[in-house]
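Chains as they are written, first to last, in my numbering: chain A, 2 to 503; chain B, 2 to 503. Note that CB positions come from ideal geometry on N, CA and C, so glycine has one too. In this text the structure is predicted, and so the values were computed from the model without any measurement.
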């Protein structure tokens with residue numbers, strides 16, 4: 002018998018060395034952005050019980066999955082599967098149910114919040130097409146849980162905006178800017194209120210949301226057909242369909258009511274005071290990455306508040322996510338605020354290719370071998386009690402996480418930088434606290450527990466006090482006494498930390 | 002309905018941040034050892050067609066696997082599965098069939114040899130126990146193919162010994178030494194000859210090998226029962242069973258017939274001239290890591306020559322592999338010499354725990370964030386045509402791959418090392434050629450094609466000539482003119498390369 006060549010399953014990939022390096026370039030960028038934004042890596046099984054997926058979405062979901070079973074059971078087991086209409090296991094199509102199961106299992110002992118990331122293979126039984134394979138990698142970042150007295154809208158908005166910050170840092174590290182990619186934000190609660198005002202009954206809200214989610218994919222006629230098929234009888238809703246993406250407004254700065262801070266597409270009734278996330282995003286300097294867009298609702302039923310999508314060039318969705326405050330409870334855990342997002346390697350790889358941003362040859366080899374982010378937190382940034390300094394915490398944190406290039410030489414203590422031309426302050430793993438306390442002793446204990454190297458307190462006038470957590474000694478600037486939050490200043494605190502770490 | 006906690010599938014793991022870091026410590030060490038030994042990373046699908054496994058091992062294998070199917074097919078598809086007694090897909094239990102399929106698909110275009118590694122999840126439908134889970138990670142390294150005029154026993158032995166070198170470097174980088182771990186070597190062809198001499202028919206050889214493979218797990222009585230059940234009628238074989246591990250001999254150095262170079266356990270008829278691998282191993286300075294052991298045959302049917310197992314503390318198998326020269330052909334490729342091995346993360350993790358070698362806390366964080374090996378080859382080492390220098394190629398290559406710590410300061414050109422106390426020459430990604438040519442121009446073209454930074458020619462008297470491949474300029478030593486292969490010499494070529502790379 003002549004040996005025949007066996008093919009890989011349709012919709013899967015054989016990655017030869019150059020292909021693998023391209024994928025590694027993406028997964029390294031995912032890990033780096035996650036770690037420097039303070040996320041910790043976790044992992045779950047590649048397959049789960051089918052129950053894990055049907056408990057949340059009903060048995061219908063199983064038709065979209067690869068199901069699996071142990072071959073040990075023999076023909077009896079196969080007949081049982083045929084009788085039941087489903088197997089015991091399924092290859093995971095997404096990470097969120099696993100994460101919810103893992104958090105619920107140890108909710109009491111886990112830190113609040115858990116900032117977790119993971120990257121691994123996922124599987125969907127769908128027809129392969131550009132950007133959609135049956136096996137692909139996905140990156141997930143999630144912020145889960147809050148200190149019990151801290152489940153405020155402002156804290157939740159901070160969680161949401163940390164997710165978006167990490168996504169923006171990922172794009173930036175790959176050479177994509179805020180013109181290439183935008184995070185379109187919306188709030189499901191807002192949309193539900195709007196739908197209620199259009200006369201849609203509570204029992205039909207989920208169906209209406211599913212129809213809104215299809216707006217960018219289907220013509221208006223098909224959307225109206227779906228609406229009537231779902232038994233929704235609302236002329237307001239029908240005339241709203243396909244129009245939610247048309248109106249454009251400029252949201253003005255809350256303080257001076259003049260400076261434009263963000264574009265809004267969609268329903269004008271979504272006012273800035275309804276979306277605390279805008280404040281959090283503005284504090285982090287992310288406004289140019291974001292756009293309110295009333296057409297975003299996301300297809301997954303478990304979202305409860307903020308929803309967002311990263312859209313490249315105004316058309317292709319690169320990542321999506323949102324808030325799922327009820328999901329941990331559904332899996333047997335306590336009520337737990339949670340927010341996260343996911344991004345696949347196939348769509349991101351296509352985007353980098355199309356923009357000419359995927360390195361090749363020696364450049365690719367060198368990019369993949371670049372030093373990775375420190376697992377140990379480098380900086381732990383806190384305000385010194387004065388509320389006016391708090392926005393600076395987020396600005397400095399974003400700058401430390403991002404890293405800067407500087408023309409300054411660090412020649413103090415007779416040292417020269419090892420790079421003679423420019424001094425680079427690399428991206429630093431930087432953490433903040435979610436606690437409401439302004440007690441510096443408690444915050445410092447937190448920094449210590451997380452093994453941070455440097456404790457960074459922000460005082461008035463952009464001044465920063467720096468403590469080496471290993472020696473517990475304060476560090477002072479030879480030239481200026483204290484340090485600055487300003488990356489353009491010679492005594493920028495990022496310089497000082499980079500110098501200390503040499 | 003009160004929400005109930007859903008459990009993960011039995012034999013799988015939920016990895017929380019500290020667990021994940023421990024696993025990352027292992028996978029980083031795998032990648033690093035692979036890359037610096039010149040292996041390139043590849044990856045295949047997590048699931049394959051069941052045909053890929055049954056073509057090699059028969060349908061019986063499917064009872065040991067997790068099988069999978071698309072849920073899209075509905076109940077008709079399930080009935081088809083029940084009727085056929087198997088599903089279309091299976092979660093991969095090992096990597097070798099995927100590798101053979103991938104090599105066969107592009108055999109003509111691929112370099113000869115391909116030195117490939119991969120690390121990912123694998124699945125077995127067996128009862129979970131210590132060291133054996135249903136989902137685990139596995140590291141595979143393989144050398145596949147040789148230049149057409151180079152499929153000699155010596156070249157094959159070089160392939161085999163590169164696999165073992167990479168394994169030994171992995172152990173060394175984790176703090177394990179040659180007393181903790183030994184590679185037990187054997188040759189299946191030798192064993193088959195022995196079995197033939199014991200009167201066992203060719204049709205019974207495979208069954209006899211399977212029985213030999215169980216020697217360490219079953220008592221002699223059970224082995225003899227198995228022998229008779231298999232219809233093997235050989236008193237010689239029966240008296241040999243359980244004894245193959247008893248005799249100990251010391252193999253003497255071929256040149257002086259006095260220096261012991263390796264211990265042998267087992268049948269004395271395995272003489273040194275029958276195992277060219279011994280010469281290759283000795284050239285690479287690996288003799289202390291190896292032991293010939295006649296009881297090793299490995300359970301998988303596809304091995305054709307060398308077989309080996311890494312055994313810790315004389316009892317637990319940490320890794321296993323061997324030569325499979327017929328497998329690529331079986332998957333539709335050309336006749337192709339190939340050799341590889343695999344190692345699981347569970348067994349290795351247990352070993353590191355038991356030896357106190359798994360770091361914890363801040364040490365673990367720092368170990369995981371250490372700089373990783375350069376994907377771009379740093380050194381490409383060749384002999385300068387004189388056969389007497391060839392063993393030095395392997396010694397220098399092993400030292401460059403391993404890295405050294407040195408007391409010397411590099412103060413040439415007014416530079417000081419950035420580490421003021423000791424100068425570390427880190428592990429370097431180092432490659433060699435498998436070609437028989439001694440034409441330096443051709444070898445240099447090879448180095449260039451592989452993007453090597455430095456071309457290292459070994460001359461007589463341990464002298465080394467060094468060329469920067471980016472500038473094509475020779476590099477000379479200010480103090481000594483030329484460089485040395487000796488890591489203890491001030492003009493060690495490793496120092497010079499490390500200095501050039503600053």
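Within the same chain, and ignoring the five residues on either side of residue 348/A in sequence, the residues whose Cβ sits closer than 6 Å to its Cβ are 132 and 319. At a cut-off of 8 Å between C-beta atoms, residue 429/A does not count as an interface residue with respect to chain B. Taking the Cα of residue 291/B as reference, the smallest distance to any Cα among 202/B, 183/B, 28/B and 31/B is reached at 183/B.
In this structure, the straight-line span from the alpha carbon of residue 365/A to that of residue 435/A is close to 38 Å. With at least 16 other beta carbons inside 10 angstroms of its own, residue 350/B counts as buried. Of the residues 206/B, 382/B and 136/B, the one whose Cα lies closest to the Cα of residue 430/B is 382/B. Taking C-beta atoms as the reference points, residue 188/A and residue 340/A fail to come closer than 8 Å.
By a beta-carbon distance limit of 8 Å, residue 486/A contacts residue 393/A. Their separation comes to about 5 Å. Residues of chain A whose Cβ lies closer than 9 Å to the Cβ of residue 452/B are, in chain order, 362, 363 and 366. About 16 Å separates the Cβ atoms of residue 324/A and residue 214/A, ruling out a contact at the 8 Å cut-off. Under the 8 Å criterion on CB atoms, residue 45/B is classed as interfacial with respect to chain A. Within a 10 Å sphere around the beta-carbon of residue 76/B sit fewer than 16 other beta-carbons, which makes this residue exposed. Using a C-beta cut-off of 8 Å, the stretch 355 to 362 of chain B makes no contact with the stretch 324 to 336 of chain B, since fewer than three inter-stretch Cβ pairs fall below that distance.
When DSSP states are grouped into helix, strand and coil, residue 312/A belongs to the strand group.
Distance from the CA of residue 51/B to the CA of residue 35/B, rounded to the nearest whole angstrom, comes to 29 Å.
Look at the stretch 340 to 412 of chain B and you find these whole runs of alpha helix (DSSP H), each 4 residues long or longer: 346 to 355, 362 to 369 and 391 to 403. Using a Cβ-Cβ cut-off of 9 Å, residue 50/B is close to 7, 8, 9 and 10 of chain A, given in chain order. With respect to residue 311/B, residue 33/B sits apart: the two C-beta atoms are not nearer than 8 Å. The criterion of a C-beta distance shorter than 8 Å is satisfied by residue 119/A and residue 96/A.
Contacts with chain B at 8 Å (Cβ-Cβ) do not include residue 109/A.
In the DSSP secondary-structure assignment, residue 322/B is bridged to 309/B and 342/B. At a Cβ-Cβ threshold of 8 Å, residue 377/B and residue 367/A count as neighbours. In this structure, the alpha-carbon of residue 403/A lies about 17 Å from that of residue 500/A. A residue is called buried when at least 16 other Cβ atoms come within 10 angstroms of its Cβ; residue 294/A meets this threshold and is buried. Not flagged as an interface residue toward chain B: residue 305/A, since no C-beta distance is shorter than 8 Å. DSSP places residue 44/B outside any alpha helix (DSSP H), giving it a letter other than H or E.
Not flagged as an interface residue toward chain A: residue 196/B, since no C-beta distance is shorter than 8 Å. Using a C-beta cut-off of 8 Å, the stretch 110 to 117 of chain B makes contact with the stretch 35 to 50 of chain B, since at least three inter-stretch Cβ pairs fall below that distance. Counting only the Cα atoms, residue 154/B lies some 12 Å from residue 326/B. Under the Cβ criterion of 8 Å, residue 13/A is counted among the residues facing chain B. Assignment of residue 284/A by DSSP, reduced to helix, strand and coil, places it in the helix class.
Within 9 Å of the CB of residue 102/A, the CB atoms of chain B belong to 6, 7, 8, 9 and 15, in sequence order along the chain. For the pair residue 194/A and residue 304/A, the Cα-to-Cα distance works out to about 15 Å.
Of the residues 27/A, 474/A, 191/A and 465/A, the one whose Cα lies closest to the Cα of residue 492/A is 465/A. The three-state reading of DSSP puts residue 122/B in strand, counting E and B together. Chain-ordered, the chain B residues with CB closer than 8 Å to the CB of residue 82/A read 79, 82 and 83.
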